[in-house]
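K.L.:
Please find one structure pasted underneath; my questions will follow.
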Amino acid sequence: MKYFVTVVGSQADYDAMAGKPSPASPAWSGEDITAMFAFMSELNEELAASGELLDAQGFGPPSEARFVTGAPGREPAVTDRPYADTEVVTAGYWLLECSGLDRVTEIAARITQCPVPAGSPEYPVVIRPVGEAPSA
Numbered sequence: 236m237k238y239f240v241t242v243v244g245s246q247a248d249y250d251a252m253a254g255k256p257s258p259a260s261p262a263w264s265g266e267d268i269t270a271m272f273a274f275m276s277e278l279n280e281e282l283a284a285s286g287e288l289l290d291a292q293g294f295g296p297p298s299e300a301r302f303v304t305g306a307p308g309r310e311p312a313v314t315d316r317p318y319a320d321t322e323v324v325t326a327g328y329w330l331l332e333c334s335g336l337d338r339v340t341e342i343a344a345r346i347t348q349c350p351v352p353a354g355s356p357e358y359p360v361v362i363r364p365v366g367e368a369p370s371a
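Quick note: the sequence shown uses this note's numbering, first residue 236, plus one each step.
Below is the structure:
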């Protein structure tokens, strides 16, 4: 079974990782960044070795996002950053092929243990099964 596993963050979190703290997110040090990347690299290497990792990527900050809204017969509207800086968005994902929900939940629980600076916001790790198209 395939699963889409996501982590979220806000613009304030991306700013904090760049050394700019806010009341919502403390500044990250170089050591904090190194620890996070080491944790993620080790996790991804293990998932690749087990054959469960299909893809994994982190996203750029929300400040670099573009949103396109439209409907049939209407001109699409293109906007930058329609949400407040504290609005959480998907920060990264894993596409995994696991034996079932219990296994992917084990992986998600491990992701929650990624090192972050004290006082950082706690966000859920979201698991979504990747469904098959309905048969005709």
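All C-beta atoms, glycine included, are put in the ideal place defined by N, C-alpha and C.
Please classify leucine 336: is it buried, with 16 or more other beta-carbons within 10 angstroms of its beta-carbon, or exposed?
P.N.:
The residue you call residue 336 lines up with position 101 of the sequence shown. Exposed, since its Cβ has fewer than 16 Cβ neighbours within 10 Å.
K.L.:
Using a 10 Å radius around the Cβ and a threshold of 16 neighbouring Cβ atoms, would you call glycine 244 buried or exposed?
P.N.:
Along the sequence shown, read from residue 1 onward, the residue named residue 244 stands at position 9. Looking at its Cβ environment, which holds 16 or more other Cβ atoms inside 10 Å, glycine 244 is buried.
K.L.:
Within 10 angstroms of the Cβ of glutamine 246, are there 16 or more other Cβ atoms? Answer buried if so, exposed if not.
P.N.:
Within the sequence shown, numbered from 1, the residue matching residue 246 stands at position 11. Classification of glutamine 246: buried, given that the 10 Å Cβ count is 16 or more.
K.L.:
What did DSSP end up calling phenylalanine 302 once you bin it into helix, strand or coil?
P.N.:
Mapped onto the sequence shown, residue 302 falls at position 67. It is a strand residue.
K.L.:
Helix, strand or coil for phenylalanine 239, going by three-state DSSP, please let me know.
P.N.:
For the purposes of this step, residue 239 is taken as residue 4 along the sequence shown, with counting starting at 1. It is a strand residue.
K.L.:
Buried or exposed for threonine 241, please, with buried defined as at least 16 other CB atoms from any protein chain shown within 10 angstroms of its CB.
P.N.:
Walking along the sequence shown from the start, residue 241 turns up at place 6. Result: buried.
K.L.:
Between alanine 270 and the ligand GTP, is the CB less than 7 Å from at least one heavy atom?
P.N.:
Ligands displayed in this structure: none; no statement on the ligand GTP is therefore possible.
K.L.:
Counting along the chain, where does the beta strand (DSSP E) carrying valine 361 start and finish?
P.N.:
As a first step, residue 361 must be located in the sequence shown, where it is residue number 126. Note, valine 361: beta strand (DSSP E), 361 to 364.
K.L.:
On a Cα-Cα basis, can you pick out the residue from Gly305, Leu288, Phe294, Ile346 that is closest to serine 334?
P.N.:
Stepping through the sequence shown from its first residue, residue 334 is reached at position 99. Cα-wise, what sits closest to serine 334 is Leu288.
K.L.:
Compare the beta carbon distance of asparagine 279 and alanine 262 with 8 Å and say whether it is the shorter of the two.
P.N.:
Locating residue 279 in the sequence shown gives position 44, where the first residue counts as 1. Locating residue 262 in the sequence shown gives position 27, where the first residue counts as 1. For asparagine 279 and alanine 262, no; Cβs fall outside 8 Å.
K.L.:
Pop quiz: serine 260 and serine 355 are said to be a contact at Cβ under 8 Å. What is the actual Cβ separation, rounded to whole angstroms?
P.N.:
Reading the sequence shown from its first residue, position 25 is the one you call residue 260. Reading the sequence shown from its first residue, position 120 is the one you call residue 355. Rounded, the Cβ-Cβ distance is 6 Å, consistent with contact.
K.L.:
Cutting at 6 Å between CB atoms, please list the residues of its own chain near valine 303, excluding the five before and the five after it.
P.N.:
As a first step, residue 303 is located in the sequence shown; it is residue number 68 there, counting from the start. These residues qualify, in order along the chain: Pro311, Val313.
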